[in-house]
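According to our numbering, the sequence shown holds residues 2 to 515 in order.
Beta carbons: idealized from backbone N, C-alpha and C, even for Gly.
Note that the coordinates shown come from a computational prediction; the quantities given were computed from them, not determined experimentally.
Below: the structure, in structure tokens.
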Amino acid sequence: MKLQPVHVYAAFFAALAAACVPTGTPAPAVTLTLLPPVVNIMAQSPAPALSASESTPIPTQTPETPTPAATPTLEPYHPQVLSIHYAHSGDTLPVLARRFQVGGDLMRRANLDLPEVGFLAMGTAVTVPDVDLSETPPSFLIIPDGELVYGPGQRDLDLRVTVEAYKGGWLARIMAGNDALAPGWKVVQDAATAYSVNPRLLLALIEYQSGLVTGDTDSEDIAKYPLNVQKWKFAKLPNQLVWAAEQLNAGYYGWRHGHLSELTLADGKIYPLDPRLNAGTVAVYSFFSHLYSAALFEEVIAPSGFAATYRQLFGDPFDYEVAIIEPGLTQPALELPFEPGVVWNFTGGPHNGWRDSAPWAAVDFAPELPTSGCVESDDWVVASADGIITRIGLGLLAHTIGEAETELDGWTLVYVHLRVDRFKLRVGQSVQVGERLGQPSCDGGLETTGTHLHLARKYNGEWMPAGGQPAYVLSDWEVVGEHRAYQGKLVERSSRRSIDACACVNNNQISRPR
2 MKLQPVHVYA
12 AFFAALAAAC
22 VPTGTPAPAV
32 TLTLLPPVVN
42 IMAQSPAPAL
52 SASESTPIPT
62 QTPETPTPAA
72 TPTLEPYHPQ
82 VLSIHYAHSG
92 DTLPVLARRF
102 QVGGDLMRRA
112 NLDLPEVGFL
122 AMGTAVTVPD
132 VDLSETPPSF
142 LIIPDGELVY
152 GPGQRDLDLR
162 VTVEAYKGGW
172 LARIMAGNDA
182 LAPGWKVVQD
192 AATAYSVNPR
202 LLLALIEYQS
212 GLVTGDTDSE
222 DIAKYPLNVQ
232 KWKFAKLPNQ
242 LVWAAEQLNA
252 GYYGWRHGHL
262 SELTLADGKI
272 YPLDPRLNAG
282 TVAVYSFFSH
292 LYSAALFEEV
302 IAPSGFAATY
312 RQLFGDPFDY
322 EVAIIEPGLT
332 QPALELPFEP
342 GVVWNFTGGP
352 HNGWRDSAPW
362 AAVDFAPELP
372 TSGCVESDDW
382 VVASADGIIT
392 RIGLGLLAHT
402 IGEAETELDG
412 WTLVYVHLRV
422 DRFKLRVGQS
432 VQVGERLGQP
442 SCDGGLETTG
452 THLHLARKYN
462 GEWMPAGGQP
472 AYVLSDWEVV
482 GEHRAYQGKL
492 VERSSRRSID
502 ACACVNNNQI
512 SRPR
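Take a look at the structure:
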């Protein structure tokens, strides 16, 4: 297909606006006045998650192909001082090296029998060289990773039944919402689904902060801030849950991907993180770190603190621990989400999967348009894989990959800014790779300045980093992340050609082979 000049200019100007707009960080600290004792809210930005067909007929940048270097044989390293760490689900040697502040080469040489970059089996013994933690007891683990992620551990959870079992509880009797009202349990369910955060964890946080799962209140102020986050922007249950989910995910994925080593508490003190912690526990730390000074924070994270409330509601969470990420996990085959031969623009590299939440799980594509902004497109978004539709909402469709019927198990694709109202798609319907799902738009729950598609992946409920492991590959094009949101490249594996993600150039065009 030969591109005409008018198409090139159209792609350029349309691409200027075709990207999700990251919203700002939370406003400056304010003082809490509800139970528990008062402290300040402080914002911590989520850390980025970084990585590791036929030729398309459109121009791309062609870097020089480097000559592969010979792989040196690594000599085993036998340190005189060492510690043994038992891997949590999703751990890798490079991430553990960063957590323990050990050189990556030394960590690799001390563990030559383990995968160099792949995921480790839960419980794998890892040698940590030149680190002696024998006299430092490990920190208490609050929840396993499977109790942060909305995944396999919640297959049998009926949230409505769980909430309504507490008939005298505030959450069971209220209707809440910003626009339309919904029962309290449904508001929690919606937040849990959007952010892929375990609804049990959200209930336990409400109970610990205000007692409003099992109890009631006549106080308008307490009911306005059930998670005790007193900031007008986050008033009312839905907004409290948004704040909570974003702080939880910031801690979970920051730790998961090795970008977090300490937290700043509400009184400004720095709290270093024990490298033996798991991501689920750090997620809970992250939530409370914004709300409590040092002395109160220590009370919260102790066995008699938040963990006791969790056990009171749901039992010991480690009794039903599940592994979220298995060794050897790879992404199934995915196609670019548009029809063969149709030119689109790669406008956004790795960035937040949902709203302001970590990790950088999504990439953006925009169709060719005659003008910039939120304009209608005649191009189609198509399914990148076979699967079953799990959700349809305003500007959103999600489907599994393969035969799984829920987003709690296996792989899921989330398409945002997708106009689906013209089509008779329904939850539970099977889709085939290449099947039309809708058209790109500005619709949906994420801010945007132009018509485009936002595409993210999940596995067992965990957001998978774009530009990270497992590699995000669409029709032989692999996503490569950089150090800033929305930046990055698509690299064609077969030819090593690459195109840059940008809403400011006209050489970011791509199409599926016919």
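query                                                                                                                                                                             : result
From the DSSP output, which residues share a beta bridge with S442?                                                                                                               : H453
Does the distance from the CB of V481 to the CB of L438 come in under 8 angstroms?                                                                                                : no
Answer with buried or exposed for G216, where buried requires no fewer than 16 other C-beta atoms within 10 angstroms of its C-beta.                                              : exposed
By a C-beta neighbour count over all protein chains shown, 10 Å radius and 16 as the cutoff for buried, is I271 buried or exposed?                                                : exposed
One question on the structure: do E208 and T310 come within less than 8 angstroms of each other, judged by their Cβ atoms?                                                        : yes
With distances taken between CB atoms, is the gap from V417 to G396 smaller than 8 angstroms?                                                                                     : yes
Between D146 and the rest of its own chain, which residues show a CB-CB distance below 7 angstroms, the 5 nearest in sequence each way excluded?                                  : H89, S90, G91, N279, A280, G281, I325
Specify, as a first and last residue, the run of the alpha helix (DSSP H) that S290 falls within.                                                                                 : 280-290
Roughly how far, in whole angstroms, is the beta-carbon of V283 from the beta-carbon of L274, given that I think they are within contact range, below 8 angstroms?                : 6 angstroms
Can you give, in chain order, each stretch of the alpha helix (DSSP H) that sits fully within the segment 119-202 and has at least 4 residues?                                    : 160-165, 171-174, 185-196
Taking the straight line between their C-alpha atoms, what separation do you get for K490 and A362?                                                                               : 14 angstroms
Got a sec, what are the start and stop residues for the beta strand (DSSP E) F347 sits in?                                                                                        : 345-355
Please report the straight-line C-alpha distance between D114 and L94, rounded to a whole angstrom.                                                                               : 11 angstroms
D365 to T391, Cα distance in whole Å?                                                                                                                                             : 21 angstroms
In terms of alpha-carbon separation, which member of R277, Y293, W244, L75 lies closest to A267?                                                                                  : Y293
Flag this pair as yes or no: are the beta carbons of N461 and D410 separated by less than 8 angstroms?                                                                            : yes
Does DSSP put I302 in a helix, a strand or coil?                                                                                                                                  : helix
Measure from the alpha carbon of E340 to the alpha carbon of each residue in P351, V323, D379, then state which is nearest.                                                       : D379
Classify V421: buried if its beta carbon has 16 or more other beta carbons within 10 angstroms, exposed otherwise.                                                                : buried
Can you name the start and end residues of the alpha helix (DSSP H) that R109 belongs to?                                                                                         : 105-110
Specify whether the segment 248-259 and the segment 105-120 touch according to this definition: at least 3 beta carbon pairs, one from each stretch, less than 8 angstroms apart. : no
From P304 to V323, what does the alpha carbon distance come to, in whole angstroms?                                                                                               : 21 angstroms
Opposite A367 in the DSSP bridges: which residues?                                                                                                                                : N346
Using a 10 Å radius around the Cβ and a threshold of 16 neighbouring Cβ atoms, would you call E336 buried or exposed?                                                             : buried
Secondary structure at S496, three-state DSSP: helix, strand or coil?                                                                                                             : coil
Under 8 angstroms, do Q332 and Y151 count as touching if we go by C-beta distance?                                                                                                : no
From K1 to V415, what does the alpha carbon distance come to, in whole angstroms?                                                                                                 : Residue 1 is absent from the structure shown; the chain starts at 2 and stops at 515.
With H, G and I counted as helix, E and B as strand and the rest as coil, what does DSSP make of F101?                                                                            : coil
If I follow the unbroken beta strand (DSSP E) through P273, where does it start and stop?                                                                                         : 271-273
Out of A177, R356, P153, which one is the CA nearest neighbour of T407?                                                                                                           : P153
Out of R277, L454, F315, R201, which one is the CA nearest neighbour of D133?                                                                                                     : R277
Please state whether DSSP places L426 in a helix, a strand or coil.                                                                                                               : coil
For T66, name the three-state secondary structure that DSSP assigns.                                                                                                              : With a pLDDT of only 44 at T66, under 50, the local geometry of the prediction cannot be trusted, and no value is derived from it.
In the DSSP assignment, find the beta strand (DSSP E) that holds T401 and state where it starts and stops.                                                                        : 397-401
Once the 5 residues before and after P139 are set aside, which same chain residues still bring their CB inside 7 angstroms of it?                                                 : D275, R277
Which same chain residues, not among the five before or five after L83, have their C-beta less than 8 angstroms away from its C-beta?                                             : A111, T128, V129, P130, D131, V132, D133
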